[in-house]
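Student: Numbering (the numbering used here), first residue to last: 12 to 128.
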């Protein structure tokens, strides 16, 4: 029983760190792994805030880089933004979503993603 409790608590802590409702920006990547050339869907969740001005999505493997920028209309912007990354070559990518606020503050969420050859 104690082992089950420890496992459940560990899962909640790990999951909560990535998807805490108070986080300004969250990131989901689907599918979890792909074959090259890959098409990857990224859903970014942004908590409404009147200071939010821009959302920048980047995918970087060191050998290949792509990015996309979306303007945000503060707390009137949609809570979710979807991106499709097409034709990604093989590599281990750092996919990062960054919210830039009016005062220059930046909020970041990132995930590692693998495209197999």
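Ideal placement from N, C-alpha and C gives every residue a C-beta, glycine not left out.
Here's the rule I'm using: 16 or more other beta-carbon atoms within 10 Å means buried, otherwise exposed. How should residue 116 be labelled?
Tutor: exposed
Student: Give every residue of the same chain whose Cβ lies closer than 8 angstroms to the Cβ of residue 86, excluding the five residues on either side of it in the sequence, and list them in chain order.
Tutor: 59, 60, 61 and 63
Student: Return the bridge partner residues of residue 69 from the DSSP annotation.
Tutor: 78 and 107
Student: May I ask which residues mark the beginning and end of the beta strand (DSSP E) holding residue 123?
Tutor: Run containing residue 123: 117-127, per the beta strand (DSSP E) assignment.
Student: What is the DSSP secondary structure of residue 62, reduced to helix, strand or coil?
Tutor: It is coil, neither helix nor strand.
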